[in-house]
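K.L.:
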Amino acid sequence: EAGVVQSPRYKIIEKKQPVAFWCNPISGHNTLYWYLQNLGQGPELLIRYENEEAVDDSQLPKDRFSAERLKGVDSTLKIQPAELGDSAVYLCASSFQGEDTQYFGPGTRLTVL
Amino acid sequence: GQQVMQIPQYQHVQEGEDFTTYCNSSTTLSNIQWYKQRPGGHPVFLIQLVKSGEVKKQKRLTFQYEEKKKNSSLHITATQTTDVGTYFCAAAGTYKYIFGTGTRLKVLA
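Protein chains in written order, with my numbering: chain R, 1016 to 1128; chain A, 6 to 114.
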């Protein structure tokens, strides 16, 4: 069974540029999460989807971050414009609806110069 | 809001020594999960604890959930170099899991 797929794996951009990350969850997983992980810290939830509905986006900085999961499968997280402090690893995870075990993707390491 | 702290932040052990990391919450927990993240990797689910006083074992790993459900621990017996990584606990909050600060384990051969 394929795991959670994320792309790109690495991204380097200059500040004020836009950037987008893509995630394809494990087949059949209704719940999808986007996390931000700073170096040496634990993952912090940005947004959680149940199918195509965002059920928790309280930690998403909505002035510059946006996310979508239009068909309830894959998802895109966008930052526009990026700031230096956005440099981090962006992790996507998925789980079966109603189950707590989260399966993480390899992440996208973003560097903002 | 709910905070989840882990101690120690770092631990260096000689191969064969035991290792323990503690997870403490500011509020009573419902469920708690443990994840391992290898250097350069992503978090991988290890186990979930639900019941007060619960103890679960996975080979050399022992997970414990304290009676009052505010603390949990992960103990590794006779560490091996493959145990290297950061161990995170994640506590069930309202609608989501809150990850702890992590304990980074280094095993010296």
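Heads up, the beta-carbon is just placed ideally off N, CA and C, and yes, glycines get one too.
According to DSSP, simplified to helix, strand and coil, what is R:L1075?
P.N.:
Within the first sequence, numbered from 1, the residue matching residue 1075 of chain R stands at position 60. Reduced to three states, the DSSP call for R:L1075 is coil.
K.L.:
Compare the C-beta of A:Y92 against all C-beta atoms of chain R and say whether one is closer than 8 Å.
P.N.:
Position 87 of the second sequence holds residue 92 of chain A. No, A:Y92 lies away from the interface with chain R (no Cβ there is under 8 Å from its Cβ).
K.L.:
Is the separation between the beta-carbon of A:T86 and that of A:E22 shorter than 8 Å?
P.N.:
Numbered from its first residue, the second sequence carries residue 86 of chain A at position 81. Numbered from its first residue, the second sequence carries residue 22 of chain A at position 17. Not closer than 8 Å, so no.
K.L.:
What are the boundary residues of the beta strand (DSSP E) that R:E1083 is part of?
P.N.:
Counting from one through the first sequence, the residue named residue 1083 of chain R turns up at place 68. Unbroken beta strand (DSSP E) run through R:E1083: F1080 to E1083.
K.L.:
Within a Cβ cutoff of 8 Å, which residues of the same chain sit near R:K1026, ignoring the five residues on either side of it in sequence?
P.N.:
Within the first sequence, residue 1026 of chain R is the residue found at index 11, counting from 1. Excluding positions up to five away in sequence, the list reads V1034, F1036, T1123, R1124, L1125 and T1126.
K.L.:
Go ahead and pull the three-state DSSP assignment for R:T1116.
P.N.:
For the purposes of this step, residue 1116 of chain R is identified with residue 101 of the first sequence, where counting begins at 1. It is coil, neither helix nor strand.
K.L.:
Should the stretch 68-82 of chain A be called in touch with the stretch 30-44 of chain A, which here means at least 3 C-beta pairs below 8 Å?
P.N.:
Yes: at least three Cβ pairs fall under 8 Å.
K.L.:
Closer than 8 Å by beta-carbon distance: list the chain A residues that pair up with R:P1040, in chain order.
P.N.:
Within the first sequence, residue 1040 of chain R is the residue found at index 25, counting from 1. Within 8 Å Cβ-Cβ: nothing; R:P1040 doesn't reach chain A, min ~14 Å.
K.L.:
With C-beta atoms as the reference, is R:A1097 less than 8 Å away from R:Y1050?
P.N.:
Position 82 of the first sequence holds residue 1097 of chain R. Position 35 of the first sequence holds residue 1050 of chain R. Not closer than 8 Å, so no.
K.L.:
So R:G1120 contacts chain A; which residues on that side make the cut at Cβ distance below 9 Å?
P.N.:
Numbered from 1 along the first sequence, position 105 holds the residue referred to as residue 1120 of chain R. Within chain A, the residues near R:G1120 are H47.
K.L.:
For the stretch 1054-1071 of chain R, enumerate the residues whose C-beta is nearer than 9 Å to any C-beta of chain A, in chain order.
P.N.:
Of all residues in the stretch 1054-1071 of chain R, G1055, Q1056, G1057, P1058, E1059, L1060, R1063, V1070 and D1071 have a Cβ within less than 9 Å of some Cβ in chain A.
K.L.:
Select from R:L1054, R:L1092 and R:K1030 the residue whose C-alpha is nearest the C-alpha of R:Y1064.
P.N.:
For the purposes of this step, residue 1064 of chain R is taken as the residue at position 49 of the first sequence. Ranking R:L1054, R:L1092 and R:K1030 by Cα distance to R:Y1064 puts R:L1092 first.
K.L.:
Does any residue of chain A bring its CB to less than 8 Å from the CB of R:Q1117?
P.N.:
Residue numbering aside, residue 1117 of chain R sits at position 102 when the first sequence is read from its first letter. Chain A contact via Cβ: present.
K.L.:
Could you check which residue in R:L1099, R:Q1074 and R:G1057 has the C-alpha nearest to that of A:F104?
P.N.:
Counting from one through the second sequence, the residue named residue 104 of chain A turns up at place 99. Closest by alpha carbon: R:G1057.
K.L.:
Straight-line CA distance for R:I1094 to R:L1128?
P.N.:
If you number the first sequence from 1, residue 1094 of chain R lands on position 79. If you number the first sequence from 1, residue 1128 of chain R lands on position 113. So the alpha carbons of these two residues sit roughly 14 Å apart.
K.L.:
By the three-class DSSP mapping on this structure, what secondary structure does R:S1099 have?
P.N.:
Reading the first sequence from its first residue, position 84 is the one you call residue 1099 of chain R. Reading off the sequence, residue 1099 of chain R comes out as Leu, not Ser. In this structure, R:L1099 counts as helix in the three-state DSSP scheme.
K.L.:
Any beta carbon from chain R within less than 8 Å of A:N36's own beta carbon?
P.N.:
Position 31 of the second sequence, counting from 1, holds the residue named residue 36 of chain A. Closer than 8 Å to some Cβ of chain R, the Cβ of A:N36 qualifies, so yes.
K.L.:
Could you say which of R:G1087, R:L1075, R:R1079 and R:N1053 lies nearest to R:E1068 if we only look at CA atoms?
P.N.:
Residue 1068 of chain R sits at position 53 when you count from the first residue of the first sequence. Among R:G1087, R:L1075, R:R1079 and R:N1053, the Cα nearest to that of R:E1068 is on R:G1087.
K.L.:
What would DSSP say about A:T87, mapped onto helix, strand or coil?
P.N.:
Indexing the second sequence from 1 puts residue 87 of chain A at position 82. In this structure, A:T87 counts as helix in the three-state DSSP scheme.
K.L.:
My understanding is that R:L1099 touches R:K1031, with C-beta atoms under 8 Å, so please give their C-beta distance in whole angstroms.
P.N.:
By 1-based counting over the first sequence, the position of residue 1099 of chain R is 84. By 1-based counting over the first sequence, the position of residue 1031 of chain R is 16. Their Cβ separation, rounded to whole angstroms, is 10 Å, which puts R:L1099 and R:K1031 out of contact at 8 Å.
K.L.:
Could you say which of R:S1110, R:Q1074 and R:A1103 lies nearest to A:G45 if we only look at CA atoms?
P.N.:
Stepping through the second sequence from its first residue, residue 45 of chain A is reached at position 40. Closest by alpha carbon: R:A1103.
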